[in-house]
Amino acid sequence: MLSRYRKMARENKEYAELFYDLISEAGVDVGVDLSDEEFKSLIRRQYKRVISIADEGFL
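To convert, note that position 12 of the sequence shown is 1103 in this note's numbering; the numbers rise steadily by one, no gaps.
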């Protein structure tokens, strides 16, 4: 996940910061009890939320 975040930050720092904020708000340990598939699903939902926020004109 860290390598993808670094790549995201290089591509678009504002998206990366918003994504990081969403993960932080949910709690950094939110994925501890999740399976790999559930964790990927969580990250996917958070990413879609970032895109939705951007589409509304936030970024």
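Here a beta-carbon is modelled for each residue, glycine too, at the ideal position from N, C-alpha and C. The structure displayed is predicted, hence computed values, not measured ones.
Burial state of residue i, where buried means 16 or more other Cβ atoms lie within 10 Å
{"i": "Leu1125", "result": "exposed"}
{"i": "Val1123", "result": "exposed"}
When the options are compared against residue i, the one with the closest alpha-carbon
{"i": "Leu1113", "options": "Glu1129, Gln1137, Glu1105, Asp1146", "result": "Gln1137"}
{"i": "Ile1142", "options": "Glu1129, Glu1108, Ser1094", "result": "Glu1108"}
{"i": "Gly1148", "options": "Tyr1096, Ala1100, Glu1116, Tyr1106", "result": "Tyr1106"}
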